[in-house]
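Participant: A single structure is presented below for examination.
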Amino acid sequence: MTPFYLFAAIAVGASLLVIAQRNPVYSVLLLIASFGALSGLYVLLDAPFVAVIQIIVYAGAIMVLFLFVVMLLNAPHEETPYDEQVHPLMRPGPMRLGAVLALGLVVELIWALEKGAESGRFAGGAVSNVGAIGRLLFTEYAFAFEVTSILIIVAMVGAVVLARREGAR
Amino acid sequence: MIDQVLIPLLKIVIVLNATLVAVTYMVLLERKVIAWAQSRLGPMRVGPYGVLQPIADAIKLMIKEDITPVRADKWVFTAAPIISMVPALIVYAVIPFGPTVSLFGRKVSLYITDINVGLLYIVSVASVGVYGIILAGYSSNSKYPLLASLRASAQLISYEVAVTLTLVSVILMAGSLSMVEIVNAQYNQHVWFVFAQPFAFVLVLIGGLAETNRAPFDLPEAEQELTGGFHTEYSGMRFALFFLAEYANMIVVSSVVTTLFLGGWLPPFPNVGALHLLYYVPSWTWFLIKSFLFLYLFIWIRATLPRYRYDQLMRLGWKVLIPLAILNLVVTGIVKVMLM
Amino acid sequence: MLSAYIPIAMFVAVATGFAIFTIVFSNLLHPHKYNKVKLEPYECGIEPATDARDRYSIRYYLVAMLFVIFDVETVFMFPWAVIFNKLALFGLIEMMVFIFILVVGYYYAWQKGALEWV
Numbered sequence: 623m624t625p626f627y628l629f630a631a632i633a634v635g636a637s638l639l640v641i642a643q644r645n646p647v648y649s650v651l652l653l654i655a656s657f658g659a660l661s662g663l664y665v666l667l668d669a670p671f672v673a674v675i676q677i678i679v680y681a682g683a684i685m686v687l688f689l690f691v692v693m694l695l696n697a698p699h700e701e702t703p704y705d706e707q708v709h710p711l712m713r714p715g716p717m718r719l720g721a722v723l724a725l726g727l728v729v730e731l732i733w734a735l736e737k738g739a740e741s742g743r744f745a746g747g748a749v750s751n752v753g754a755i756g757r758l759l760f761t762e763y764a765f766a767f768e769v770t771s772i773l774i775i776v777a778m779v780g781a782v783v784l785a786r787r788e789g790a791r
Numbered sequence: 365m366i367d368q369v370l371i372p373l374l375k376i377v378i379v380l381n382a383t384l385v386a387v388t389y390m391v392l393l394e395r396k397v398i399a400w401a402q403s404r405l406g407p408m409r410v411g412p413y414g415v416l417q418p419i420a421d422a423i424k425l426m427i428k429e430d431i432t433p434v435r436a437d438k439w440v441f442t443a444a445p446i447i448s449m450v451p452a453l454i455v456y457a458v459i460p461f462g463p464t465v466s467l468f469g470r471k472v473s474l475y476i477t478d479i480n481v482g483l484l485y486i487v488s489v490a491s492v493g494v495y496g497i498i499l500a501g502y503s504s505n506s507k508y509p510l511l512a513s514l515r516a517s518a519q520l521i522s523y524e525v526a527v528t529l530t531l532v533s534v535i536l537m538a539g540s541l542s543m544v545e546i547v548n549a550q551y552n553q554h555v556w557f558v559f560a561q562p563f564a565f566v567l568v569l570i571g572g573l574a575e576t577n578r579a580p581f582d583l584p585e586a587e588q589e590l591t592g593g594f595h596t597e598y599s600g601m602r603f604a605l606f607f608l609a610e611y612a613n614m615i616v617v618s619s620v621v622t623t624l625f626l627g628g629w630l631p632p633f634p635n636v637g638a639l640h641l642l643y644y645v646p647s648w649t650w651f652l653i654k655s656f657l658f659l660y661l662f663i664w665i666r667a668t669l670p671r672y673r674y675d676q677l678m679r680l681g682w683k684v685l686i687p688l689a690i691l692n693l694v695v696t697g698i699v700k701v702m703l704m
Numbered sequence: 112m113l114s115a116y117i118p119i120a121m122f123v124a125v126a127t128g129f130a131i132f133t134i135v136f137s138n139l140l141h142p143h144k145y146n147k148v149k150l151e152p153y154e155c156g157i158e159p160a161t162d163a164r165d166r167y168s169i170r171y172y173l174v175a176m177l178f179v180i181f182d183v184e185t186v187f188m189f190p191w192a193v194i195f196n197k198l199a200l201f202g203l204i205e206m207m208v209f210i211f212i213l214v215v216g217y218y219y220a221w222q223k224g225a226l227e228w229v
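Chains A, B and C, in that order, give the protein sequences. If you read the first sequence in the working numbering, its first letter stands for residue 623, the second for the next number, and so on. If you read the second sequence in the working numbering, its first letter stands for residue 365, the second for the next number, and so on. If you read the third sequence in the working numbering, its first letter stands for residue 112, the second for the next number, and so on.
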């Protein structure tokens, strides 16, 4: 069980540092470290496919995008002069929405953990084996798989529209 | 204990050292071959025909002054070469240099480990390698490295899409993600995948050149526009680590292409009975010969082809390689169903 | 199966250790004679006037975005390819529909000039 605690400690510690960091580039790096530890946890759960996907998609692709955005905005600090002057509790309502959402997430997580304790067990070999995942995905969940492609095309259109140039075709 | 820890550790140390030696001599080979291509002699001073040049280079890099520019982000600046090099090395963990053989009365497999997601592991490790380049450019806080690292990372991720898509059609042939199983599949199907998937082979080869920032895709290091590329500010050992990572990546690409398309450790015509005497040559020799051919090809291409322009490079990646990869995948799927 | 991953963890440790060791070891050997000019960022001899970290082209952002999207798509194809022999024609049709929708999106991006660099 020692490797579990090692990976868990890295994941939790890095995640905490992500929000404690002032420099957004460091935050991104720590988030990558957290994802790496998470992928280690997946390996311990005998789910190597999920582990490599975690690295390829999250650490290898989404975080590159994050890093590009952080570098694109060129923000050395997250705080604006306004943030430094006004106490967090004195800010207007919309700025505190994040706290409400975070609270909602915590409640949701606790609820999910309570509820999932008996039903959320892994389906044994279905997770450890890539073929088994494929069999489930492409027979039982075939419709969900096809619908995913619609989701992806929406994302693609969104990306193109967001990044289009003024006066482009 | 011995099988679990000691033998893997021994293999890791051997592979690590072999890679370091291979990289240093790869540099010498490159200088020599390019020199010959240009009717020069190349390094001749250190040792006969310059064979000791790599050792001299290594010592020089060791004792060179290592500078951290004042405006640089010190910790990230040091971490970047490490982040660049570690992924380049740990890919070797799943590359099979040979099958399981018996050595001193003990069954020893000529690979460090065989996991059932081997090929995806390589893809994932390679995708992490990008950070070394981005962070080097960012932390240097200097204009040339920043521009070069942006170019390099955009190039890397563009070609990663094409290469990964192409790899799917190889998996379609092999039916497994394990590197050892892929080689076995080539034995069982009586064909090296280079003959079954010639398009995929060419696509992966071009993508591999681009992913290792080699000529004709070496824009991140285009001296005329960007001086030294993303490692302009680096010197001494930290520069050496980047250099090491780059050449180690070249060897990785050669090894992966050998495994996926040229039957890995298998001798030529592995199923032809008359040529069975080829099995008397140790399996890893075949692997090394095939990989060496690709390394030579890399150098040859560098000595021959001029550099691409950046918009041409992106167009090739997004508008040529990706459609071809998708087409190849579709055709492979249809042909496979028809043959069933 | 877990034992197959132990060598990978060991390799990561050995490789990282080696990298750190070489940097520290060379730090003991090499000279440390610094001066102000030597520590300036390299700009062909001209004194740097502005900070290097500036805003840059949105193209890079778009490339990264498209990369994420394609990456997610490819991830679905790997388990499909592994069990293709069992799925046979049904699997082929399934993936054709998926790829067709993907190609529509790709065609849209192409037409909008998102794949154009200049």
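Think of the CB as a built atom: it goes at the ideal place given N, C-alpha and C, for glycine as much as any other residue.
1. Taking 8 Å as the threshold (beta carbon to beta carbon), is Val123/C in contact with chain B?
2. Using the beta-carbon of each residue, which ones in chain B are nearer than 7 Å to Met206/C?
3. Should Trp342/B be labelled buried (16 or more other beta-carbon atoms within 10 Å of its own) or exposed?
4. Identify whether Lys737/A lies in helix, strand or coil by the three-state DSSP scheme.
5. In chain order, what residues of the stretch 478-490 of chain B put their CB closer than 7 Å to some CB of chain A?
6. Residues of chain C with CB closer than 9 Å to the CB of Glu768/A, please, in chain order.
7. Which value, in whole angstroms, describes the spacing of the CA atoms of Val729/A and Gln676/B?
8. Drop a sphere of 10 angstroms on the beta-carbon of Ala748/A, count the other beta-carbons inside from all chains shown, and report buried for 16 or more, exposed for fewer.
9. Count the other CB atoms within 10 Å of the CB of His640/B; is the residue buried (16 or more) or exposed (fewer)?
10. Assess, as a yes-or-no matter, whether the stretch 588-605 of chain B is touched by the stretch 504-522 of chain B under the definition of 3 or more beta carbon pairs within less than 8 Å.
11. Out of Tyr664/A, Thr624/A and Val692/A, point me to the one whose CA is closest to Leu651/A's CA.
12. So, helix, strand or coil for Ser466/B, using DSSP?
13. Rank Thr761/A, Ile774/A, Ile684/A and Pro670/A by C-alpha distance to the C-alpha of Ile654/A and give the top, closest one.
14. Could you round the C-beta distance between Leu529/B and Val674/A to whole angstroms and report it? I think they count as a contact, below 8 Å.
15. For Ile686/B, count the other beta carbons within 10 Å of its own beta carbon; 16 or more makes it buried, fewer makes it exposed. Which is it?
16. According to DSSP, is Ser503/B part of a helix, a strand, or is it coil?
17. Using the rule of at least 16 other Cβ atoms within 10 Å of the residue's Cβ for burial, across every protein chain shown, is Trp556/B buried or exposed?
18. Out of curiosity, what's the CA-to-CA distance linking Leu693/B and Ala225/C?
19. Output the boundary residues of the alpha helix (DSSP H) element that contains Phe563/B.
20. Please compile the residues from chain B whose C-beta is within a distance smaller than 8 Å of the C-beta of Phe688/A.
21. Going by the beta-carbon positions, is the gap between Phe189/C and Val532/B smaller than 8 Å?
22. Per DSSP, which residues does Lys471/B bridge with? Please list them.
23. Would Trp682/B count as contacting chain C if we go by Cβ distances under 8 Å?
24. Helix, strand or coil: how does DSSP classify Ala436/B here?
25. Taking only three categories from DSSP, how would you classify Tyr674/B?
26. For Ala642/A, return the contacting residues in chain C, with the cut-off set at a CB-CB distance below 7 Å.
27. Using a Cβ-Cβ cut-off of 8 Å, state whether Gly715/A counts as contacting chain C.
28. Starting from Arg666/B, follow the alpha helix (DSSP H) in both directions and report where the run begins and ends.
29. Do you know offhand how far Phe563/B's Cα is from Ile690/B's?
30. Should Phe651/B and Gly462/B be called a contact, given that it needs their Cβ atoms to be closer than 8 Å?
31. Comparing alpha-carbon positions, which option in Met426/B, Ser517/B, Tyr502/B and Leu583/B lies nearest Arg435/B?
32. Rounded to whole angstroms, what is the Cα-Cα separation between Thr383/B and Ser403/B?
33. Of all Cβ atoms in chain B, is any one closer than 8 Å to the Cβ of Pro646/A?
34. Could one say the Cβ of Ile677/A lies closer than 8 Å to chain B's Cβ atoms, at least one of them?
35. Can you have a look at Asp430/B and say buried or exposed, based on whether 16 or more other CB atoms are within 10 angstroms of its CB?
36. Please tell me whether Ala777/A has its Cβ less than 8 Å away from any Cβ of chain B.
Facilitator: Walking through what the data contain:
1. yes
2. Gly697
3. The requested residue 342/B does not occur in the structure, where chain B is confined to residues 365 to 704.
4. helix
5. Ile479, Asn480, Val481, Leu484, Tyr485, Val487 and Ser488
6. Glu205, Val208, Phe209 and Ile212
7. 52 Å
8. In this predicted model, Ala748/A has a pLDDT of only 49, less than 50, meaning its place in the structure is not dependable enough to derive any value.
9. exposed
10. yes
11. Val692/A
12. strand
13. Ile684/A
14. Going by Cβ atoms, the distance from Leu529/B to Val674/A rounds to 17 Å, so no, they are not a contact pair.
15. buried
16. helix
17. buried
18. 24 Å
19. Pro562 to Glu575
20. Under the 8 Å cutoff, chain B gives no residues; its nearest Cβ is about 11 Å from Phe688/A.
21. yes
22. Ser466/B
23. yes
24. coil
25. helix
26. Near Ala642/A there are no residues of chain C at all, since even the closest Cβ is about 23 Å away, more than 7 Å.
27. no
28. Ser647 to Thr668
29. 11 Å
30. yes
31. Tyr502/B
32. 29 Å
33. no
34. yes
35. buried
36. no
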